[in-house]
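Here's the structure we're looking at; comments come further down.
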Amino acid sequence: ANRERPGSALENGLQMFKLSRSNLPVGKKGAASFSSGVRCFGTSSSSSCSKKCKSEINRRTANVGVGLLMGSLVPALTGQRGVSASAAKIDVEQLLEGYQWPDEFPFRAQDFARFDEGTDSAFYDSPRFVTHIDDNAIKALTKFYEAELPKSGQNDVAVLDICSSWISHLPKNYSAGRIAGLGMNEQELKANDALTEYTVRDLNVDPTLPYEDNSFDAVLNAVSVDYMTKPLQLFREIERVLKPGGMAIMSFSNRCFPTKAISVWTQTGDPDHVLIVGSYFHYSGGFESPKAKDISPAPTFWGGGDPMYVVYGRKPAA
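Heads up: the sequence shown begins at 530 in our numbering, then just goes up one per residue.
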């Protein structure tokens, strides 16, 4: 039942995400706007994208009117298309609650195409010892990990960080019997003091995980789920390596390398991304119903920072 269905990307997206006014959760704290698109890493706006890159993203959006999911969700809420950022606030923490998923996975291969289809191994060949979200967003993610991960210092606990790099955003001095990292750049992985082991692998070439069944208490992915071109295969692998009762935690912001993010991500906004990641949990099978949490830091006197969201799912206990 989890086959990709035929049809256009827009048709598939409309089937999956068309909601009525009554079941769109309008937000309080966990609110996000449909008009918030992706931003380049290392910038406060998308202004540093190359003209070619911005042109491609704009072209994708134009091809589906006002964006694949905006075109179905926002009109249902407001009865019109040209909606401003403040006009459609959605409570992302309630968006997945009781969500009625279509029978079949609604995306096609083309929705996972990227502007830059060059090899990821070449793109990530040079190490980047930088952080890709701001300090307050990192603190928020670390706080979430502190609340949800098994307590530090337990030798029988194992954690896997996929798409890992030189930092895993774990709580300070967090330790476990095993903290495995799987990423693209060996120099970055070597520099990650939290890891007890690491593996270099391109999950877009080979989405299998080189670990035994039922090995990990938690699988983490920080701000990288938007690059995954084979998400269902990967999420099936995540479920396989999780211990019964284990949790997979996918976190993301609105920053990315836009030439490497999948098409359906770059043409949609934050609440849409929650639904996209939730669909990976649902259609890969083997997880309890996914949940979402808005962990975005509160705005400061100087303004807001990077938004931050988590979609997580648990493998049923034996």
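Don't be surprised by glycine CBs; every beta carbon is placed ideally from N, CA and C.
Under the three-state reduction of DSSP output, Ser-693 falls in the strand class. Contact between the region 775–791 and the region 750–759 is established, with three or more Cβ pairs separated by less than 8 Å.
The Cβ atoms of Val-621 and Val-803 sit closer than 7 Å to each other. Note on geometry: alpha-carbon atoms of Leu-678 and Ala-747 lie some 7 Å from one another. Under the three-state reduction of DSSP, Gln-683 is assigned to strand. Sixteen is the threshold: since fewer than 16 other Cβ atoms of the shown chains lie within 10 Å of the Cβ of Ser-655, the residue is exposed. Taking the CA atoms as reference points, Tyr-740 sits about 10 Å from Leu-689. At a Cβ-Cβ threshold of 7 Å, Phe-764 and Tyr-809 count as neighbours. Within the DSSP secondary-structure output, Phe-673 pairs in no beta bridge. Annotation: the continuous beta strand (DSSP E) that includes Ala-705 extends over 705–712. The region 690–706 makes no contact with the region 640–652; the number of CB pairs closer than 8 Å stays below 3. When the beta-carbon positions are compared, Pro-819 and Ser-782 stay at least 7 Å from each other. Ile-791 sits in coil when the DSSP states are folded into three classes, being neither helix nor strand.
In the DSSP assignment, Val-839 is bridged to Ser-780, Lys-822. Take Thr-737, set aside five residues on each side of it, and the residues of its chain with a beta-carbon closer than 6 Å to its own are Glu-766, in chain order. In this structure, Ala-723 places its C-beta atom within 7 Å of the C-beta atom of Ser-697. Under DSSP, Thr-728 takes part in a beta bridge, and its partners are Leu-711.
Following the DSSP letters along the chain, one finds Phe-745 inside the beta strand (DSSP E) bounded by residues 745–751. Membership of Phe-786 in any alpha helix (DSSP H) is not indicated, and neither H nor E is assigned to it by DSSP.
In the three-state reduction of the DSSP assignment, Gly-775 falls in the strand class. For Val-688, DSSP records a beta bridge to Ile-708, Ala-747. Contact between Gln-683 and Gly-712 is ruled out by a C-beta separation of about 24 Å, above the 8 Å threshold. Taking C-beta atoms as the reference points, Ala-847 and Pro-773 count as a pair closer than 7 Å. Ser-753 is a Cβ neighbour of Cys-692, given a cutoff of 7 Å.
Phe-644 carries a coil assignment under DSSP once its states are collapsed to helix, strand and coil. Judged by DSSP in its simplified three-state form, Phe-816 adopts coil rather than helix or strand.
Of all alpha-carbon atoms in Ile-805, Thr-829, Ile-667, Arg-784, the one lying nearest the alpha-carbon of Arg-637 is that of Ile-805. Collapsing the DSSP output to three states places Phe-636 in coil. Membership of Ile-767 in the alpha helix (DSSP H) is indicated by the continuous run 760–770. Contact between Arg-843 and Glu-817 holds, since their C-beta atoms are separated by about 5 Å, short of 8 Å. By the Cβ-count criterion, Asp-640 is buried, with 16 or more other Cβ atoms from all chains shown falling within 10 Å of its own Cβ. For Met-779, the closest alpha carbon among the candidates Ala-751, Gly-798, Pro-787 is that of Ala-751. In this chain, Phe-830 is not harboured by any alpha helix (DSSP H), its DSSP state being neither H nor E.
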